[in-house]
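*Asks:* Following this message is one structure expressed as C-alpha cells.
2 protein chains.
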Amino acid sequence: MPKSKTVLTRAQTTTERVRQMIVSGELQPGDRLQAQMLADRLGVSRTPVNDALAVLHKEGLLDYGVNRGYGVRRFDLCTLLDAFDVRLTLEGLACRLIAERGVRAETVAQLRSNLGRSEDLLFAPNWSSEKHARWRQLNLEFHDLLLEEANNSYLTSGVASARSLPPILDRTHGSDATDEIWPLLELKFSQDAWRDHVRIVEAIELGQGSRAENMMKEHVFSSREKARRIIQQLLPSG
Amino acid sequence: MPKSKTVLTRAQTTTERVRQMIVSGELQPGDRLQAQMLADRLGVSRTPVNDALAVLHKEGLLDYGVNRGYGVRRFDLCTLLDAFDVRLTLEGLACRLIAERGVRAETVAQLRSNLGRSEDLLFAPNWSSEKHARWRQLNLEFHDLLLEEANNSYLTSGVASARSLPPILDRTHGSDATDEIWPLLELKFSQDAWRDHVRIVEAIELGQGSRAENMMKEHVFSSREKARRIIQQLLPSG
DNA sequence: AACATTATCATTGCATGCAATCATATGCCT
DNA sequence: AGGCATATGATTGCATGCAATGATAATGTT
Chain S
46 MPKSKTVLTR AQTTTERVRQ MIVSGELQPG DRLQAQMLAD RLGVSRTPVN
96 DALAVLHKEG LLDYGVNRGY GVRRFDLCTL LDAFDVRLTL EGLACRLIAE
146 RGVRAETVAQ LRSNLGRSED LLFAPNWSSE KHARWRQLNL EFHDLLLEEA
196 NNSYLTSGVA SARSLPPILD RTHGSDATDE IWPLLELKFS QDAWRDHVRI
246 VEAIELGQGS RAENMMKEHV FSSREKARRI IQQLLPSG
Chain U
46 MPKSKTVLTR AQTTTERVRQ MIVSGELQPG DRLQAQMLAD RLGVSRTPVN
96 DALAVLHKEG LLDYGVNRGY GVRRFDLCTL LDAFDVRLTL EGLACRLIAE
146 RGVRAETVAQ LRSNLGRSED LLFAPNWSSE KHARWRQLNL EFHDLLLEEA
196 NNSYLTSGVA SARSLPPILD RTHGSDATDE IWPLLELKFS QDAWRDHVRI
246 VEAIELGQGS RAENMMKEHV FSSREKARRI IQQLLPSG
C-alpha cells in the first residue's frame, strides 16, 4: 500500500521556491515581486503566487503595501540581530524543556549519531568548502532534532521565521589576502560550535535544564556576534 | 489634510473578523470552515476568505489538509501550555532588552499612566465584571507597550501568535455555588498581576535586565498555571 | 449481513476577467 | 521654468468558472 502520496498544492511549492529565491540571493532585498511576472517565471497562475507571497509576508520575509504589492524586505543589521535574539531565546527554551521533561532514547541516539558524523567531518584533514557545506547541513540537522524533540509548535514556527533570512552573511567575503585564512577561521568556528553541541547534549542527558538553556543561548549568540562582525567589516558605513 | 485614509483590503478585514469569531467562541474548535459558507456569511467572495484562512493557518489557529480545507484547531491543555511557555519566554526577553538598552521617557510615562489607571480601577470598592473587562484591556495595553518598546518584529509576531487562542479559559466557570467567590478570586489575581507590573516597570527603569526578565516570566507563568488549574478543574478527564 | 467497489456530489485548487487603485507621464497655469 | 492638475498605463484586489480531488451514498458480491 502506498503510504500517503505526498501531495503538495501549487501554492505550497511556489512558497518554497520563492523562499529559496530569496534566501539564495536570486531575489535581492528591495526587489519588487510582481504577481504576473513570478507566475510566468514559475509556470503557474497568479493565484498560488499570491498565496505564497502572503505566507512569506506573514513570515516576515516580504514587505507589503495595499495596492502596491510585495517586495523583498530590506534587512539592516538591527533586524538581523533581532532575529538572532529571538532564535537564541527560543532554542534555549527548547533545550530547557527537553532537559526538564526528559529526552527520548531515540532522539539521544540521533543526536549522538549527528555528533559522530560531525566529528568525523570537522577533525579530518583537508578542510574544503564542500565539507563546510556538509557541516552546515549537519548543524541544521542538530538544531532541528532539538526543535522536534521540544514538540512545541509555537516554538518551532517562531524559530523558523527567525531563521529564514536573506543571505547577508553568506556573501563572498571580499577579495583581498584574507581569502586564504578565511577557510581556516571557518573551520575553527565550526569546531567550536561542535564542542558546544557536545556539551548541550551532555547537559540534556543529565537533565540539567538551565545549563542546557544557557549553553544553547551562548551557542547561538556566538553566531550572532560572528554575523555582526562580518557585516560591520563589509559595510563600515552601517 | 486627511492624514492617511486607513485602507484595508477585504482579505485583512476578513482575517480579523474570522479571528474574532474564533477567539470569541462563535466558531468552536473542530468546526470546519468552508470557503463558500464563510464568504456568504461575510458578504465577500471566496478569494479574500481563502487568503484570510491561509493567514490564520500560518498563525496556528487553524488546521489544514490539502483538498480538505480548514478547520478550527483543537486546543488541548498541552497546546495551551506550550503557547504560554513561548509567551513567557519572549515577553521576558522583551523586558530584558528594554532594561538593558534603556527605555524611552515617553514609554515610561505611558507605563506609569497605565499603572495609575489600573490602580484606580483595582483598588476601588464595588468590583464588577465590567471593571474586570476594563482591567483586561489595561493589562493588554501594558504588555503591548512593552512589546512595542522592545521594537523587535520577530518577538512581536511570535507573541501575537501565542496569544490568539480560542477561549478555553474565558468560559463561564460552571454554575454552582462557586460563582459567588469567583469574582473575588479574580480581583485578587488581578491585583497580584498589577503588583507584578509595578515591579517590572521598576526593574526596567533601574536597568536591571535579568530581574525584569525573570519577573515577567514569572508573571506570565502565573497566568499559565491559573489557566491550567481552571481547565483541569473543568475537564477532570483531560 | 459485511465488505469492497463504484457512482454521485460537494468542496477545494487554480485560472482568468474586470474594476479599483497607484505610479508615471503629459499638459496647463502662473 | 516650476509646480499643480490631469490623463494614461500598469498592477493589484476581487469575483467567478472550471477541473481535480475527497467525502459520501448506492450498488454489487461473497
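For the record, the sequence lines run as chains S and U.
For the first sequence, this note's numbering gives the first residue as 46, with consecutive numbering after it.
For the second sequence, this note's numbering gives the first residue as 46, with consecutive numbering after it.
Ideal Cβ placement from N, Cα and C applies to all residues, glycine included.
1) Quick check on glycine 105/U: buried or exposed, where buried means 16 or more other Cβ atoms within 10 Å of its Cβ?
2) May I have a chain-ordered list of the alpha helix (DSSP H) segments no shorter than 4 residues that lie completely inside the stretch 121 to 176 of chain U?
3) Residues bridged to tyrosine 109/S by DSSP?
4) May I ask you to verify whether the stretch 102 to 117 of chain S touches the stretch 236 to 246 of chain S, counting CB pairs closer than 8 Å and requiring at least 3?
5) What residue from Leu167/U, Gln57/U, Thr51/U and Arg64/U has the CA that sits closest to serine 209/U's CA?
6) Nearest chain S C-beta to tyrosine 115/U closer than 8 Å, yes or no?
7) Which residues bound the alpha helix (DSSP H) around glutamine 81/S?
8) Give the secondary structure of aspartate 215/S by DSSP, where H, G and I count as helix, E and B as strand, and everything else as coil.
9) In the DSSP output, which residue or residues are listed as bridge partners for valine 77/U?
10) Could one say the Cβ of serine 268/S lies closer than 8 Å to chain U's Cβ atoms, at least one of them?
11) To the nearest angstrom, report how far apart serine 173/S and cysteine 140/U are at their CA atoms.
12) Skipping 5 residues on each side, what residues in its chain have a beta carbon closer than 7 Å to that of alanine 56/S?
13) Quick check: the Cα distance between threonine 51/U and arginine 113/S, rounded to an integer number of angstroms?
14) Only counting the same chain, and skipping five residues up and downstream in sequence, which positions put a Cβ closer than 8 Å to that of arginine 157/S?
15) Going by Cα to Cα distance, which pick from Lys233/S, Arg91/S and Asp76/S is closest to tyrosine 115/S?
16) Do leucine 135/U and leucine 191/U have their C-beta atoms within less than 8 Å of each other?
17) Are the C-beta atoms of threonine 54/U and some chain S residue less than 8 Å apart?
18) Using a Cβ cut-off of 7 Å, which residues of the stretch 195 to 215 of chain U contact any Cβ in chain S, in chain order?
19) Against chain S, does leucine 78/U count as a neighbour if the rule is that its beta carbon must be under 8 Å from one of theirs?
20) Use the C-beta contact count for arginine 181/S: other C-beta atoms within 10 angstroms, 16 or more gives buried, fewer gives exposed.
21) What would DSSP say about glutamate 258/U, mapped onto helix, strand or coil?
22) 8 Å is my cut-off, CB to CB: does glycine 254/U come that close to chain S?
23) What in chain U is Cβ-close to leucine 135/S, meaning under 8 Å?
24) In whole angstroms, give me the CA-to-CA distance for isoleucine 143/S and serine 255/S.
25) Report yes if the CB atom of alanine 154/S is closer than 8 Å to the CB atom of valine 100/U, and no otherwise.
26) Report, in whole angstroms, the separation of the C-beta atoms of arginine 179/S and leucine 166/S, which I expect to be a contact under 8 Å.
27) Assuming alanine 272/U and phenylalanine 129/U are in contact, meaning their beta carbons sit under 8 Å apart, how far apart are those beta carbons, in whole angstroms?
28) Suppose the cutoff is 8 Å on Cβ atoms and the five residues either side in sequence are ignored; what does the same chain contact list for glycine 203/S look like?
29) Closer than 9 Å between beta carbons: that is the criterion. Which residues of the stretch 80 to 99 of chain S meet it against chain U?
30) Counting only beta-carbon atoms, is alanine 128/U nearer than 8 Å to chain S?
31) Quick check: the Cα distance between arginine 86/U and glycine 70/U, rounded to an integer number of angstroms?
32) Quick one: grab the DSSP three-state call for valine 52/S.
33) From the DSSP output, in three-state form, read off glycine 70/U for me.
34) With arginine 118/U and proline 74/U assumed to form a contact (beta carbons below 8 Å), what rounded beta-carbon distance in angstroms separates them?
35) Taking CB distances under 8 Å as the criterion, tell me whether valine 111/S reaches chain U.
*Replies:* In brief:
1) Locating residue 105/U in the second sequence gives position 60, counting from the first residue. Answer is buried; the Cβ neighbour count reaches 16.
2) 122 to 146 and 150 to 167
3) For the purposes of this step, residue 109/S is taken as the residue at position 64 of the first sequence. Answer is Tyr115/S, bridged to tyrosine 109/S.
4) no
5) As a first step, residue 209/U must be located in the second sequence, where it is residue number 164. Here the closest residue by C-alpha is Arg64/U.
6) Start at 1 with the first residue of the second sequence, and residue 115/U comes out as number 70. Tyrosine 115/U does not count as touching chain S.
7) For this step, residue 81/S is matched to residue 36 along the first sequence. Segment 80 to 87, the alpha helix (DSSP H) holding glutamine 81/S.
8) As a first step, residue 215/S must be located in the first sequence, where it is residue number 170. Legend: pLDDT at aspartate 215/S = 49, less than 50; position of this residue unreliable, value from coordinates given subsequently. Here aspartate 215/S sits in coil by DSSP.
9) Taking the first residue of the second sequence as 1, we reach residue 77/U at position 32. In the sequence as displayed, the identity of residue 77/U is arginine instead of valine. Paired residues: Gly116/U.
10) Here residue 268/S is taken as the residue at index 223 of the first sequence, counted from 1. No, its Cβ sits nowhere closer than 8 Å to a Cβ of chain U.
11) Locating residue 173/S in the first sequence gives position 128, counting from the first residue. Locating residue 140/U in the second sequence gives position 95, counting from the first residue. Going from the Cα of serine 173/S to the Cα of cysteine 140/U covers about 43 Å.
12) If you number the first sequence from 1, residue 56/S lands on position 11. Same-chain partners within the cutoff: Pro93, Asp96 and Ala97.
13) Along the second sequence, one-based indexing puts residue 51/U at 6. Along the first sequence, one-based indexing puts residue 113/S at 68. So the two alpha carbons sit approximately 14 Å from each other.
14) Taking the first sequence and counting its residues from 1, one reaches residue 157/S at position 112. Within the same chain, arginine 157/S has close Cβ partners Val246.
15) Reading the first sequence from its first residue, position 70 is the one you call residue 115/S. Checking every option, the nearest Cα to that of tyrosine 115/S belongs to Asp76/S.
16) Numbered from 1 along the second sequence, position 90 holds the residue referred to as residue 135/U. Numbered from 1 along the second sequence, position 146 holds the residue referred to as residue 191/U. Cβ atoms of leucine 135/U and leucine 191/U: not closer than 8 Å.
17) Sequence index remark: in the second sequence, residue 54/U carries index 9 (1-based). Closer than 8 Å to some Cβ of chain S, the Cβ of threonine 54/U qualifies, so yes.
18) Asn197, Ser198, Tyr199, Leu200, Ser202, Gly203, Ser206 and Ala207
19) Working through the second sequence from its first residue, we reach residue 78/U at position 33. Not an interface residue.
20) The count along the first sequence starts at 1 and reaches residue 181/S at position 136. Counting Cβ neighbours within 10 Å, arginine 181/S comes out exposed, since fewer than 16 surround it.
21) Sequence index remark: in the second sequence, residue 258/U carries index 213 (1-based). Here glutamate 258/U sits in helix by DSSP.
22) As a first step, residue 254/U is located in the second sequence; it is residue number 209 there, counting from the start. Output row for glycine 254/U: interface = no.
23) Here residue 135/S is taken as the residue at index 90 of the first sequence, counted from 1. Ordered by position in chain U, the residues that pass the 8 Å Cβ test against leucine 135/S are Val131, Thr134, Leu135 and Gly203.
24) Here residue 143/S refers to the residue found at position 98 when the first sequence is read from its first residue. Here residue 255/S refers to the residue found at position 210 when the first sequence is read from its first residue. Their Cα atoms are separated by approximately 11 Å.
25) As a first step, residue 154/S is located in the first sequence; it is residue number 109 there, counting from the start. As a first step, residue 100/U is located in the second sequence; it is residue number 55 there, counting from the start. Not a contact, by the Cβ cut-off of 8 Å.
26) Residue numbering aside, residue 179/S sits at position 134 when the first sequence is read from its first letter. Residue numbering aside, residue 166/S sits at position 121 when the first sequence is read from its first letter. Right, the Cβ-Cβ distance comes to about 6 Å (below 8 Å), so this counts as a contact.
27) Here residue 272/U refers to the residue found at position 227 when the second sequence is read from its first residue. Here residue 129/U refers to the residue found at position 84 when the second sequence is read from its first residue. Indeed they touch by this definition, with Cβ atoms about 7 Å apart.
28) Within the first sequence, the letter at position 158 stands for residue 203/S. Result list for glycine 203/S: Val131 and Leu135, in chain order.
29) Thr92, Asn95, Asp96 and Ala99
30) In the second sequence, counting from the first residue as 1, residue 128/U sits at position 83. Output row for alanine 128/U: interface = yes.
31) To locate residue 86/U, count along the second sequence from 1; it is residue 41. To locate residue 70/U, count along the second sequence from 1; it is residue 25. Approximately 16 Å between the Cα atoms of the pair.
32) The sequence position of residue 52/S within the first sequence is 7, counting from 1. Three-state result, valine 52/S: coil.
33) Here residue 70/U refers to the residue found at position 25 of the second sequence. If DSSP states are grouped into helix, strand and coil, glycine 70/U belongs with coil.
34) In the second sequence, residue 118/U corresponds to position 73, counting from 1. In the second sequence, residue 74/U corresponds to position 29, counting from 1. Right, the Cβ-Cβ distance comes to about 6 Å (below 8 Å), so this counts as a contact.
35) Along the first sequence, read from residue 1 onward, the residue named residue 111/S stands at position 66. At least one chain U Cβ lies under 8 Å of valine 111/S.
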